[in-house]
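Here is the structure we will look at.
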Amino acid sequence: MATDKWAQWLLTRRDGDSAGLRARNALDLAAFRDGVLAGADLAADDVILDVGCGTGLIGFGALARLGPHGQVIFSDVSPDVLDECRRTAGGDGRCSFVLASADDLTGVADASVDVVTTRSVLIYSDRKAAAFAEFRRVLRPGGRISLFEPINRFAARLRPDDLFGIGDAPVNDLIAKVNEVYRVTTEETTRPMTDFDERDLVDWAVAAGFEAVELDYRAEVDVPADPIGDWETLKRVAPNPLVPTYGEAIAATLSDDERERLDTYMTAVVAAGTPTRRTMATAFLRARRP
């Protein structure tokens, strides 16, 4: 059974332990995976270090594109998610596993890998420049990095109060109270998630000594998105591994009457199939070690 916060979130809390929501999220995750792997420009016999591998989205995607002599090193700070990857690997000899953080890849030798990949990893590090330096250290000359990161500062600046993507609503006073839980948590715990933008990613790559640095940036403001499929499922979702679920934040913040009013409104929104509005920004970065 998963015990640490990273594994709990990846396996249950990011999708409310709902097969339906997991399937919907899988579409976005597949697009992020494919973007990272396209930027990696893989060769059949590459050695790939997947930093912050999670449950293996990028690593196993890469493995399917490698030949019999290619290798994937799965690296993470969570022993539990590494165990999950071991189970998925099923003894595949092309896989190895390293317990390490992005900014301290102890256990990975200098100039020993061809590609470093990440997907939504640097947002949890408060030593991002050090992570880029470690990426360069472990890469062979001519090796590549291919990274994906959400730029959370973008939505935090433009739509800081639109917690569920429903825009102006008669329950905005209640949503504001719930959102305060996440605002305080951001100040105390999750500052690294919003303390950078796409320009910083480029600057860190250049400062670490990478060349051929390219970044693809996408921003969306109030773009129509899928309706909320089920309110009770959404309440079991945590937006990231370091914060409460929406239901936990609601329980901690609202009175019984306020919770009933919010439940009544959100249930009606779900029943009406009202589209949500998505505001977000993302970046893919790729570069080469000279």
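For the sequence shown, the residue numbers in our numbering are 12 to 301.
From the three backbone atoms N, C-alpha and C, an ideal C-beta is built for every residue, glycine too.
Note that the structure is a prediction, hence the values are computed from the model and not measured.
>> Just to confirm the assignment, what range does the beta strand (DSSP E) spanning Tyr228 have?
In response: Counted from its first residue, the sequence shown places residue 228 at position 217. Segment 222 to 238, the beta strand (DSSP E) holding Tyr228.
> Between the beta-carbon of Val83 and the beta-carbon of Ala73, is there less than 9 angstroms?
Replying inline: If you number the sequence shown from 1, residue 83 lands on position 72. If you number the sequence shown from 1, residue 73 lands on position 62. In contact: Val83 and Ala73 (Cβ atoms closer than 9 angstroms).
> What's the C-alpha gap between Ser131 and Met291?
Replying inline: Here the question's residue 131 lines up with position 120 in the sequence shown. Here the question's residue 291 lines up with position 280 in the sequence shown. For Ser131 and Met291, the distance between alpha carbons rounds to 14 angstroms.
>> In this structure, how does DSSP classify Arg97 when only helix, strand and coil are distinguished?
In response: Residue numbering aside, residue 97 sits at position 86 when the sequence shown is read from its first letter. If DSSP states are grouped into helix, strand and coil, Arg97 belongs with the helices.
> Does the count of Cβ pairs from the segment 149 to 160 and the segment 44 to 56 closer than 8 angstroms reach three?
Replying inline: Touching, yes.
> Would you report the Cα separation of Pro301 and Phe146, rounded to the nearest angstrom?
Replying inline: Numbered from its first residue, the sequence shown carries residue 301 at position 290. Numbered from its first residue, the sequence shown carries residue 146 at position 135. C-alpha separation (whole angstroms): 13 angstroms.
> Which stretch, first to last residue, makes up the beta strand (DSSP E) that contains Gly150?
Replying inline: On the sequence shown, position 139 is the one that residue 150 refers to. Per the sequence shown, residue 150 should be read as Leu rather than Gly. Run containing Leu150: 150 to 161, per the beta strand (DSSP E) assignment.
>> Just to confirm, is the Cβ distance from Val47 to Thr99 under 9 angstroms?
In response: Within the sequence shown, the letter at position 36 stands for residue 47. Within the sequence shown, the letter at position 88 stands for residue 99. It is not a contact, given that the beta carbons lie outside the stated cut-off.
> Taking one C-beta from the segment 135 to 150 and one from the segment 213 to 230 each time, how about it: are there three or more such pairs within less than 8 angstroms?
Replying inline: They touch, by the three-pair rule.
> Does the pairing of the segment 257 to 274 with the segment 205 to 216 give three or more beta-carbon distances under 8 angstroms?
Replying inline: In short, these stretches do not touch, since the Cβ pair count stays below three.
>> So if DSSP puts Arg288 in a beta bridge, which residue, or which two residues, is it bridged to?
In response: In the sequence shown, the residue the question calls residue 288 occupies position 277. For Arg288, the pairing in a beta bridge is given by DSSP as Pro235.
> Is the Cβ-Cβ distance between Leu133 and Lys188 less than 9 angstroms?
Replying inline: If you number the sequence shown from 1, residue 133 lands on position 122. If you number the sequence shown from 1, residue 188 lands on position 177. Not a contact, by the Cβ cut-off of 9 angstroms.
> Residues bridged to Cys106 by DSSP?
Replying inline: By one-based count along the sequence shown, residue 106 stands at place 95. Beta-bridge analysis with DSSP links Cys106 to Val83.
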